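Peer 1: Below are the structure tokens for one structure; questions will follow.
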Amino acid sequence: MSTDFSCQASGGRGDTKIGPLNELYKKVDHLILGGVIYNTYLCAKYNIRIAGVSEEDIEAAKKLVSLDKKKKKIVELPHIVEAEILGKKVRGKFAKIAVQDLVPGQSYGYILDIDSRSFSDEKVAHVISSARTIFVNAVMGYTPYFTEGSEALDRTIDRNRTAWKLYGGGDTLQEFKSLCPGLYLAVLDDALYYFFTGGGSVLKAIEQSDAMGMKPLQALLDNKKRLEKRLTK
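Residue 52 is where the sequence shown starts when you use the numbering used here, and the numbers rise one by one after that.
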């Protein structure tokens with residue numbers, strides 16, 4: 052698996068990232084989902100309903116589920132955290148449940164995080180440890196209250212000492228810095244780590260298969276044209 056490319060993607064809105072994910076899906080060997088993106092995927096695949104996930108988002112995720120029936124690139128995280136309320140982590144108001152125990156037709160509360168045990172799962176651990184390139188876009192849980200999944204993901208990725216690790220997006224970087232400050236400082240000068248903001252722009256470029264459409268690059272190109280016009284006057 053020397054060319055293995057794994058990607059972790061999540062987000063606060065399913066419909067804004069499902070499009071780029073469909074394109075990204077074609078390019079990766081494995082895809083790990085988190086956040087609302089994973090919730091919509093679970094709804095679409097297991098015919099359940101999760102609080103906060105719209106029917107529109109579920110419909111958008113069905114294409115990804117259908118695509119994965121043959122390719123089987125999506126690596127399911129087997130343990131999730133269900134909460135009764137959206138907000139702070141209140142003792143007695145959340146519970147850890149197994150994906151294999153989800154019941155078709157049933158409605159669930161808010162799924163706000165990935166249980167850290169998911170990253171000890173044999174299949175999940177193998178995919179991350181054997182990857183040669185890892186692209187991380189966004190966080191696993193509902194920040195700043197549910198952070199166990201994100202920390203477990205970052206520490207699991209770091210144990211792969213040979214993979215290129217690409218972290219994209221301001222929220223992704225802030226969460227890494229907050230949850231694993233020592234690790235973050237230690238890898239700032241690590242040539243195998245690359246941090247960049249603009250995670251959404253990167254996904255858009257992947258969706259379009261053209262980085263030239265990214266807004267920052269487009270602004271630079273427009274500025275170049277204006278300067279050239281001035282010089283030719």
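No residue lacks a Cβ here, since even glycine has one placed at the ideal position from N, Cα and C.
All values reported here derive from a predicted model rather than from experimental measurement.
Can you look up K113 in the DSSP assignment and give me helix, strand or coil?
Peer 2: Locating residue 113 in the sequence shown gives position 62, where the first residue counts as 1. Helix.
Peer 1: Report the rounded CA-to-CA distance for L234 versus N90, giving the unit in angstroms.
Peer 2: Taking the sequence shown and counting its residues from 1, one reaches residue 234 at position 183. Taking the sequence shown and counting its residues from 1, one reaches residue 90 at position 39. Each residue's alpha carbon lies about 29 Å from the other.
Peer 1: I believe E127 touches F145 by the beta-carbon criterion, under 8 Å. Please report the beta-carbon distance rounded to the nearest angstrom.
Peer 2: Along the sequence shown, read from residue 1 onward, the residue named residue 127 stands at position 76. Along the sequence shown, read from residue 1 onward, the residue named residue 145 stands at position 94. Not really, about 20 Å apart at Cβ, beyond 8 Å.
Peer 1: Could you compute how far the alpha carbon of Y161 sits from the alpha carbon of F197?
Peer 2: Here residue 161 is taken as the residue at index 110 of the sequence shown, counted from 1. Here residue 197 is taken as the residue at index 146 of the sequence shown, counted from 1. About 12 Å.
Peer 1: Taking the continuous beta strand (DSSP E) assigned at F56, which residues delimit it?
Peer 2: The residue you call residue 56 lines up with position 5 of the sequence shown. Its beta strand (DSSP E) spans residues 56-60.
Peer 1: Along the chain, which unbroken stretches of the beta strand (DSSP E) at least 3 residues long are found entirely within the segment 229-255?
Peer 2: Segments of the beta strand (DSSP E) lying fully in the segment 229-255: 244-247.
Peer 1: Following the continuous beta strand (DSSP E) through E202, name the residue where it begins and the one where it ends.
Peer 2: Indexing the sequence shown from 1 puts residue 202 at position 151. E202 -> not in any beta strand (DSSP E); alpha helix (DSSP H) instead, spanning 199-209.
Peer 1: DSSP beta-bridge partners for G219?
Peer 2: Within the sequence shown, numbered from 1, the residue matching residue 219 stands at position 168. Beta-bridge pairing links G219 to N188, F247.
Peer 1: Applying the criterion that 16 or more other CB atoms from any shown protein chain within 10 Å of the CB defines a buried residue, is P33 buried or exposed?
Peer 2: The displayed coordinates of the chain run from 52 to 284. Any statement about residue 33 would go beyond what the structure contains.
Peer 1: Could you tell me the distance, in whole angstroms, from the CA atom of Y76 to the CA atom of L82?
Peer 2: Along the sequence shown, one-based indexing puts residue 76 at 25. Along the sequence shown, one-based indexing puts residue 82 at 31. Y76 and L82: Cα-Cα distance of roughly 7 Å.
Peer 1: State the DSSP-derived secondary structure class of A182, mapped to helix, strand or coil.
Peer 2: Counted from its first residue, the sequence shown places residue 182 at position 131. Reduced to three states, the DSSP call for A182 is coil.
Peer 1: Using a Cβ distance threshold of 8 Å, determine whether the segment 141-155 contacts the segment 200-217, with at least three qualifying pairs required.
Peer 2: no
Peer 1: Tell me whether E127 sits in a helix, a strand or coil according to DSSP, three-state version.
Peer 2: The residue given as residue 127 occupies position 76 in the sequence shown. Coil, per DSSP.
Peer 1: Throw me the rounded Cβ distance for the L224 and T248 pair, which I believe falls under 8 Å.
Peer 2: On the sequence shown, residue 224 is found 173 positions in, with the first residue counted as 1. On the sequence shown, residue 248 is found 197 positions in, with the first residue counted as 1. With 8 Å as the limit, L224 and T248 qualify as a contact, their Cβ atoms being about 7 Å apart.
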